[in-house]
Each structure stands twice: as C-alpha cells, then as structure tokens.
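For reference, each letter of the sequence shown is one residue, going 27 to 143 in my numbering.
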Amino acid sequence: MPITIDGAGLAGSPGPLRIAVELYAVNDRAALSLVETKTGDLYETFTSNVPSETLADNEVIVCLWRLPMSTVVALLDSDCFEPTRTLAVGNARGAVWRITSVDLLQAIHDAKAGVPA
C-alpha cells in the first residue's frame, strides 16, 4: 500500500506525493524520498545518512536544514513518523524520527530483502 501525503501547498509540488524507499549503499539504512504520485518525479529526499550516528532499525535522520517547514509538517501529519531527538549534522541540525507506519516499515524490510516494491 503506497503511503501518500497531500503535497498541495508544498513549494513546487502539484499534488499528492508518495514516500519512496531506497537504501543507502554504505549501510543499508532507509533512504526516504517524496515522489510525485502522478509523474513519478522526485520531489525531495528527506533523509540523510550519517553512518557514525547510532540509530534503531526503525529510525531515520531527517534533513531539517534543507526542508521547508511545510514539508516537515506534512510528513509529521502523515502519522508515519514520531520525532525522537535532534542532532548536529555538520553545521546544521537534523532530527531523528521513529517510523511508526507498519506499511513503511514493511517497505523498508522488503527493500533490504531485495523484494521489488
């Protein structure tokens, strides 16, 4: 089941966006992006990989330093994430969010198992 958020009102987004799952090659952590539902065009990759940061399997680092606040709010309103803490990423601040969506956790599991989405 694709996880969608309402992209209306987000800068440069024409409408519904879905969360796409890939993996960072270095450590197989989840790389999450927003993709336009109709066109498949990438809207924004909203996670970052900081290999030195310890994360639980259900946590991701969110790029607060480059995301518009409207995107952050839309992601939190999706009920897929729960903020847990912030951390320094270079000269900026990032956020660690716990993934609470069973569907998103399953998509990450499938990606790690090599199952096509």
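The C-beta atom is built at its ideal place from N, Cα and C for all residues, glycine as well.
None of the values given here were measured: they were computed from a predicted structure.
Item, Value
"Hey, how far is the Cα of E62 from the Cα of L90?", "20 Å"
"How long is the line joining the alpha carbons of K138 and L131, rounded to whole angstroms?", "11 Å"
"Taking N75 as the reference, give the member of I31, I125 and L49 with the closest Cα.", "L49"
"In three-state terms, what does DSSP make of V128?", "helix"
"Just to confirm, is the Cβ distance from T73 to V86 under 8 Å?", "yes"
"Mind listing, in chain order, the continuous beta strand (DSSP E) runs of no fewer than 3 residues lying wholly within the region 91-124?", "107-115"
"Which residue marks the beginning of the beta strand (DSSP E) containing E48, and which one marks its end?", "L43 to L49"
"By the 10 Å Cβ neighbour count, where 16 or more other Cβ atoms means buried, how is G120 classified, buried or exposed?", "buried"
"Please state if the CB of L113 and the CB of V99 are separated by a distance shorter than 8 Å.", "no"
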